[in-house]
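Undergrad:
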Amino acid sequence: MTKKVDENDESQSFSALFSDAKPIQHQQYIQDPKEKRALNRRPMAQQKKAVKQRAASFEFSDGFEAYFDPHKALKYVKENTEQAAQGVKRLRRGEIVPELILDLHGLNSAQSKLELAAAIDEATHKHYECINVIHGVSGGVLKQKVPNYLVQHPRVLGFHQAPLEWGGNGALLVLIDIPRDGKL
Numbered sequence: 206m207t208k209k210v211d212e213n214d215e216s217q218s219f220s221a222l223f224s225d226a227k228p229i230q231h232q233q234y235i236q237d238p239k240e241k242r243a244l245n246r247r248p249m250a251q252q253k254k255a256v257k258q259r260a261a262s263f264e265f266s267d268g269f270e271a272y273f274d275p276h277k278a279l280k281y282v283k284e285n286t287e288q289a290a291q292g293v294k295r296l297r298r299g300e301i302v303p304e305l306i307l308d309l310h311g312l313n314s315a316q317s318k319l320e321l322a323a324a325i326d327e328a329t330h331k332h333y334e335c336i337n338v339i340h341g342v343s344g345g346v347l348k349q350k351v352p353n354y355l356v357q358h359p360r361v362l363g364f365h366q367a368p369l370e371w372g373g374n375g376a377l378l379v380l381i382d383i384p385r386d387g388k389l
């Protein structure tokens, strides 16, 4: 029931035009208590974390320690791989720019394993050749463990200490093995 309005008469107020309007009644959704308990048992974030944890624990071992010469820049080249040797040389010269940056500041070793595995997986799926892993310069746990984790991963062809513009002593440029045939 709307009132007929003369288009030339602008003196009518807004409230006069809509005086017959009625407010909308909102209906509330009441959740079933059983459904609510089922949702609260294991939030989605915990489920995703559990999946990441399984994937990361499969790839990395805390007991493995590789030897790195303390008097040289931190680097690793996968054995019997010419592609890796050439790639690490290009990393050292700064010819490869990282396409993904992973900052591990503030994480413990368990969290860093999850993030590292996820970053390598993401780089593999998006066909990124190089990632920058920032572990920090403090000489703490991550600076020692991150290279050991990287050596263990089957998709890592090699890594080299990052140049200053990418983090210097506190970061590594990691070369990822991208499957050329499209199979992951």
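Taking the working numbering, the leading residue of the sequence shown gets 206, the next gets one more, and so forth.
C-beta: ideal position from N, C-alpha, C; glycine also.
#1: Measure the C-alpha to C-alpha separation of alanine 278 and glutamine 366 and round it to an integer number of angstroms.
#2: Kindly provide the ranges of any alpha helix (DSSP H) runs that are 4 or more residues long and lie completely inside the stretch 266-333, ordered along the chain.
#3: Nearest CA to the CA of isoleucine 306: which residue from His340, Arg297, Lys318?
#4: Beta-carbon within less than 8 Å of valine 342's beta-carbon, same chain only, minus the 5 sequence neighbours each way: which residues are those?
#5: What would DSSP say about glutamine 232, mapped onto helix, strand or coil?
#6: Compare the beta carbon distance of lysine 283 and leucine 362 with 8 Å and say whether it is the shorter of the two.
#7: Just tell me which of Ala250, Asp267, Leu378 has its CA closest to the CA of asparagine 313.
#8: What would DSSP say about alanine 226, mapped onto helix, strand or coil?
#9: Given a threshold of 16 other Cβ atoms within 10 Å of its Cβ, counted over all protein chains shown, does aspartate 382 qualify as buried or as exposed?
#10: Any beta carbon from chain C within less than 8 Å of leucine 319's own beta carbon?
TA: Per the coordinate set shown:
#1: One-based indexing of the sequence shown puts residue 278 at position 73. One-based indexing of the sequence shown puts residue 366 at position 161. Their backbone Cα atoms lie some 6 Å apart in a straight line.
#2: For secondary structure counted as the alpha helix (DSSP H) over 4 or more consecutive residues, the stretch 266-333 holds these complete runs in sequence order: 287-298, 314-330.
#3: Here the question's residue 306 lines up with position 101 in the sequence shown. Across the set His340, Arg297, Lys318, the C-alpha of His340 shows the shortest separation from the C-alpha of isoleucine 306.
#4: Position 137 of the sequence shown, counted from the start, is the residue given in the question as residue 342. Close CB contacts of valine 342 within its chain, under the 8 Å cut and outside five residues either way in sequence, are with Lys348, Gly373, Asn374, Gly375 (chain order).
#5: As a position in the sequence shown, residue 232 is number 27, starting the count at 1. Residue state, collapsed to three classes: coil.
#6: Your numbering for residue 283 matches position 78 in the sequence shown. Your numbering for residue 362 matches position 157 in the sequence shown. Their beta carbons are under 8 Å apart, which means lysine 283 touches leucine 362 by this criterion.
#7: Taking the sequence shown and counting its residues from 1, the one referred to as residue 313 is at position 108. Comparing Cα positions, the closest option is Asp267.
#8: The count along the sequence shown starts at 1 and reaches residue 226 at position 21. In the three-state scheme derived from DSSP, where H, G and I count as helix and E and B as strand, alanine 226 is classed as coil.
#9: Taking the first residue of the sequence shown as 1, we reach residue 382 at position 177. Per the 10 Å Cβ criterion, buried.
#10: In the structure shown, chain C does not exist; there is a single protein chain.
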